[in-house]
Amino acid sequence: MGRPHPPPRGAGTPFPRYVRLVVYCLIVGVLYYSLRQLVGGSDDADGARSETRAPPFHDQQQQQQQENDDFVPLYKDFPWYQSPHARHVAHKANAPHFPSDAQARQQLYMDKLAVAERKSKKRFEDVIGIPGTLIKTQQAADAVRAHLHDLTRGSWQPMARTKLLKHVQDPLYSKCDKAHKGAGPRPETQFRWTPATAPLPFSSPDQWCRVLNGRHILVVGDLVQYQLHELFLDALRDGPTACYGELNCKEDTRLRYLRNDVLLNNRRQLDQGGQPGADVIQWPFLASNILKAYPILLLNRSPVVESDDVFIDSLISTLRDIRNSAPDALIVFRSTAIGHPYCDDATGPLDQPLDDTQVASLPYGWSELPRRNTLAKIIVEAAGGVFVDLGAMLDTRPDGHVGNHDCLRYCIPGPMDDWIDVLYQVFANLASHP
5 MGRPHPPPRG AGTPFPRYVR LVVYCLIVGV LYYSLRQLVG GSDDADGARS
55 ETRAPPFHDQ QQQQQQENDD FVPLYKDFPW YQSPHARHVA HKANAPHFPS
105 DAQARQQLYM DKLAVAERKS KKRFEDVIGI PGTLIKTQQA ADAVRAHLHD
155 LTRGSWQPMA RTKLLKHVQD PLYSKCDKAH KGAGPRPETQ FRWTPATAPL
205 PFSSPDQWCR VLNGRHILVV GDLVQYQLHE LFLDALRDGP TACYGELNCK
255 EDTRLRYLRN DVLLNNRRQL DQGGQPGADV IQWPFLASNI LKAYPILLLN
305 RSPVVESDDV FIDSLISTLR DIRNSAPDAL IVFRSTAIGH PYCDDATGPL
355 DQPLDDTQVA SLPYGWSELP RRNTLAKIIV EAAGGVFVDL GAMLDTRPDG
405 HVGNHDCLRY CIPGPMDDWI DVLYQVFANL ASHP
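Each position in the sequence shown, counted from 1, maps to that position plus 4 in the numbering used here.
Structure below.
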């Protein structure tokens, strides 16, 4: 055999040559990347720093906007406030607008009074005197009404009262006594309504029985009117009773309450999609059998947010229907008292009623009640009824409410108790005038 030939130069090392090429490429790539980092590093760093600052600034803007949205200004609008409070929403979004300017409100007052007088005079031109009484002339009716008006013009005077109404009906109205932790009676019970003309005598169950003389009373209105029903039961009975029943009179005088918040003259229960609505209750009360059974109607219309024209037309229509069905019914209409926002702050009666600016600041349509009460007076008296301004007595009593967001109704015993004695004087005067 011959000697093998050696391989050509380089023929045995092709793999290391490719490795070197790969290494060179990697080195070039690393150098290129490092150079880019050196050139663009400052810009990238600034961008990175900008990005790290942006989220906190954006969050700060969002936090500031949230704080602005959550901020609620506080005001000390009314004299019984112990500290500033947020204002309630005055009206619903779709409610009628009432002016806040004093001059515009006065003009609205005069305009709507003229409308009420014109419409009621036309609808009740056949009514003379006060039906349901022996007062048959307009002159005598005007004289009695002027005297009754004086009963509700006065002030609350301190009086040590130990004999208070004992509430035995709805437990809602006795919650103040349960919450009272001090010795003796609650402070709000130690005042007496005092008319400007003469002191107000206390009435007794026997006196009430004599003046009613066996006539039954139908009480119609909202939940405050229901409380008046409760007051009658507490004042004239010595124990619990049904929703309507005897008043402990030998003549079997009965009292009944029906809730119809706006005194609508519907003859059947209205429904909303097949079931009764719960916001404004309109229970029928104008059925002929009801009006014949109850010759005395004690009425009130709830302070719902509505236009004056709706108020005027609705009340006239209802009273006209009553006169058509029961021409001899005695109609007694109670005015509506304002509510007192944040009434838990109150510690006693006000020295004087709210001024026009304060009244205009009341929420929930309460700002319109003074005008509405005057409109009701015109309409009720044109229909031969008796308007009793019981609401004016409570306008200066922010204390004694059920409280805890219920700043319309009052606890029993409390400021509303004196309504019974004023109403007795109303019925006694009507009975004593031929």
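C-beta atoms are modelled at their ideal positions from N, C-alpha and C, and glycine is treated no differently. These numbers come from a predicted model, not from an experiment.
Asked	Found
By the 10 Å Cβ neighbour count, where 16 or more other Cβ atoms means buried, how is residue 129 classified, buried or exposed?	exposed
Check this for me: beta carbons of residue 171 and residue 238, under 8 angstroms apart or not?	yes
Mind checking who residue 89 pairs with in its DSSP beta bridge?	79
Using a 10 Å radius around the Cβ and a threshold of 16 neighbouring Cβ atoms, would you call residue 141 buried or exposed?	exposed
Please report the residue range of the alpha helix (DSSP H) in which residue 325 lies.	312-329
Kindly indicate which residue of 329, 214, 117 and 165 has the alpha-carbon position closest to the one of residue 190.	165
Can residue 231 and residue 196 be called in contact, C-beta distance under 8 angstroms?	no
Once you ignore the five residues that flank residue 330 on each side, which residues in its own chain have a CB closer than 6 angstroms to its CB?	295
Am I right that residue 348 and residue 407 are in contact with their C-beta atoms under 8 angstroms? What's the rounded C-beta distance?	5 angstroms
With H, G and I counted as helix, E and B as strand and the rest as coil, what does DSSP make of residue 225?	strand
Using the Cβ count rule (16 or more neighbours within 10 Å means buried), how would you classify residue 399?	buried
Please confirm whether residue 109 and residue 364 have their CB atoms less than 8 angstroms apart.	yes
Under 8 angstroms between the Cβ atoms of residue 103 and residue 158?	no
What does residue 160 pair with, by DSSP beta-bridge criteria?	197
Near residue 137, what residues of its chain come up, given a Cβ to Cβ distance below 8 angstroms and the 5 sequence neighbours on each side ignored?	334, 434, 435 and 437
Kindly give me the distance between the Cβ atoms of residue 402 and residue 350, rounded to whole angstroms, as I take these residues to be in contact under 8 angstroms.	4 angstroms
So, at 7 angstroms on beta carbons, what are the nonlocal neighbours of residue 14 in its own chain, with the 5 sequence-adjacent residues on each side left out?	The predicted position of residue 14 is uncertain, since its pLDDT is 48 and thus under 50; a value taken from the coordinates is nonetheless stated next. Once the five neighbours on either side are set aside, residue 14 has no close Cβ partner at all.
Could you pull out every residue in the same chain whose Cβ sits closer than 6 angstroms to the Cβ of residue 155, ignoring the five residues on either side in sequence?	199, 426 and 429
Looking only at its chain, what residues have a beta carbon closer than 8 angstroms to the beta carbon of residue 326, apart from the 5 residues adjacent to it on each side?	290, 295, 301, 333, 335 and 387
Specify the secondary structure class of residue 437 as computed by DSSP and reduced to three states.	coil
Can you give the Cα-Cα distance for residue 385 and residue 397, rounded to whole angstroms?	20 angstroms
Can you tell me which of the three DSSP states residue 128 falls into?	coil
Exposed or buried, which one is residue 145 when buried takes at least 16 other CB atoms within 10 Å?	buried
Assuming residue 378 contacts residue 117 under a Cβ cut-off of 8 angstroms, what Cβ separation, rounded to an integer in Å, is found between them?	6 angstroms
Let's test the definition: count the other Cβ atoms within 10 Å of the Cβ of residue 421 and tell me whether it reaches 16, buried, or not, exposed.	buried
Spell out the partners DSSP gives residue 410 in its beta bridges.	407
Evaluate residue 371 with the Cβ neighbour count: other Cβ atoms within 10 Å of its Cβ, from every protein chain shown; 16 or more gives buried, anything less gives exposed.	buried
So, residue 392 versus residue 152, is the Cβ gap smaller than 8 angstroms?	yes
Straight-line CA distance for residue 319 to residue 380?	8 angstroms
Starting from residue 302, follow its DSSP beta bridges and name the residues at the other end.	223 and 336
Mapping the DSSP letters down to three states, classify residue 252 as helix, strand or coil.	coil
Helix, strand or coil: which one does DSSP assign to residue 230?	helix
If you draw a straight line from the alpha carbon of residue 345 to that of residue 359, how long is it in whole angstroms?	16 angstroms
State buried or exposed for residue 271, treating a residue as buried only when at least 16 other CB atoms are found within 10 Å of its CB.	exposed
Can you give the beta carbon distance from residue 264 to residue 285, rounded, assuming they're within the 8 angstroms contact cut?	7 angstroms
Can you tell me which of 423, 148 and 414 puts its alpha carbon nearest to the alpha carbon of residue 181?	414
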